[in-house]
Every structure is written in C-alpha cells, then in structure tokens.
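Structure first, then comments.
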Ligand code: FES
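Residue numbers (the numbering used here): 1225 to 1484.
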C-alpha cells in the first residue's frame, strides 16, 4: 500500500487538505446542531440562511419564511434550522470535481497522489456504481447559483438596522461571502460546460458562438483557480458564521455606523 517511487513530499498536500477539511466539518457540524446565536441584529449566519424560522432569541431579523419552529418536527431532532438548510449547499460542494479529487485522495487514499499506489487500486472502477450519484453536480449547480442571490439578500439586510441605512464590519463580511461563492460557482466545471464548453465550434459564423466563446474564456479564468475559490469561499463562510455567533454572544462588538 502507498508504494511509490516518488521522492518528493507528495503526502503533504493530501494531509494538509484532510486536516483543513476536517476542521471545517467539525466546526460546521457543531454549529449546525447548536441552533443558537445565528442572528446578530440585522446579520444572519450563512449556515442558517435563508431564515426559515424565527430567531429563537426573539430579536433581530423578522423576515422568516415559516414563522415559529414547526410542531410536527419530532423532539429528538435538534431545534436548528441549519439541519434543513445545509444539505443543499453541501450537495454542491461534496459533488464538486475538486472536492471529489481531494476526498478520494485524502480520505480514501484512492489513490493518495499521482503515481502513488493507493488502497484497492486493483479494483478501481472509477465513478461507477453508487458513485454515479456524483453526476448530480450539474443540477446542484443551480442550488449554488440560487444561494448566491439568497446570501446577497442577507448582505442587503446587513445594510439596514431597524430601517436605518448603515454599514458595519458584519455587513462587509456578509457581502464578501456570496462574492467568494460566486467566484467559486462561476468557475465550476459544470457551469463552464453550460456557458460554452458544450459547443462544437467557437469560430463558426452562425449564431452567438463568439459571445459564448468570450463568456467561456472568462469562466475558464475562474476555473483555472477553482481550488483557490473553493477554499476561500469555504473558509469565509465559516468565518462569517463565527463572526455572527461572536457578535450575537456579545464576545465581540461589531464596529458600525448605527452604534457610533
Ligand atoms: S466543479 Fe467545483 S463547483 Fe463545480
């Protein structure tokens, strides 16, 4: 197992990747089940967006979709809207081509790196059988695009506190979040295919191939840094939640134009 003739430190990347992603998973799981401190005045944590149910603390945002927590939900399920929400953005992330590469490598060691023999390589069948589910990525892309709008909407709410326009550090953090997600989603391989990659000919005179080609080139630019945007957007979404939680708990004070 892990036999290789490579002399470089090939194991550093999959190890660091595994560690970084594990930190994210632990933090996200903890926050998803907490069901608390996800609203701080007009700031909403992205883990709890859109605001499905009223903030249990009873203050801050009041545009929840369904009002109070539903009574039909069994008591053994934690009273946390995030458990209904996170499945959607996670379905996009977990089927992303980059994430697939890194968890196949870092967690399943299948294979752990190029030219390194991994576990079960003799039985390697590619993404067949159950893994055909990864094809869902081309559909979960639409969820991600919708989330960009939803998160910008949260950023918009971050500009108004009790009807008064203003700006705070939280507003800026909230607005950066969907921007990084947009860089990530618009560089998606499935989006690249959709925008022009599926065309057979970019130079054919008929139709709008030239426009598609220009769009495809721009998407390709983002696509070339897809790993960077994947990590930046993932880390930022966790930091955004952390910021909202700390402000909500009173651990830190949000610098803003409303209180000053
Ligand atoms: S391939 Fe990574 S988001 Fe689509």
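Every residue, glycine too, gets a C-beta built ideally from N, C-alpha and C.
- If you draw a straight line from the Cα of residue 1349 to the Cα of residue 1466, it is about 40 Å long.
- Judged by their CB atoms, residue 1268 and residue 1468 are nearer to each other than the 8 Å cut-off.
- Sequence-distant Cβ neighbours of residue 1461 in its own chain, meaning closer than 7 Å and more than five residues away, are 1270 and 1401.
- Looking at the backbone, the Cα of residue 1439 and that of residue 1290 are separated by about 39 Å.
- Residue pairing by DSSP puts residue 1384 in a beta bridge opposite 1389.
- Between the alpha carbons of residue 1322 and residue 1310 lies a distance of about 19 Å.
- For the pair of segments examined, the stretch 1393-1413 was found not to touch the stretch 1353-1360: the number of CB pairs separated by less than 8 Å stays below three.
- Checking the 7 Å criterion, the Cβ of residue 1365 is within range of a heavy atom belonging to the ligand FES.
- Residue 1316 counts as buried, since at least 16 other C-beta atoms from the protein chains shown sit within 10 angstroms of its C-beta.
- Per DSSP, reduced to three states, the secondary structure at residue 1256 is helical.
- In this structure, the ligand FES has a non-hydrogen atom nearer than 7 Å to the beta-carbon of residue 1408.
- Measuring C-alpha to C-alpha distances from residue 1482 to each of 1444, 1358, 1308 and 1382 identifies 1382 as the nearest.
- DSSP lists 1392 as the bridge partner or partners of residue 1480.
- The stretch 1328-1339 makes contact with the stretch 1227-1241; the number of CB pairs closer than 8 Å reaches 3 or more.
- According to the DSSP secondary-structure assignment, residue 1264 is paired through a beta bridge with 1267.
- Residue 1414: member of the alpha helix (DSSP H) spanning 1413-1416, first to last residue.
- Judged by the Cβ position, residue 1413 qualifies as a neighbour of the ligand FES at the 7 Å threshold, a heavy atom of the ligand being closer than this.
- Secondary structure note for residue 1313: its alpha helix (DSSP H) is the uninterrupted segment 1311-1318.
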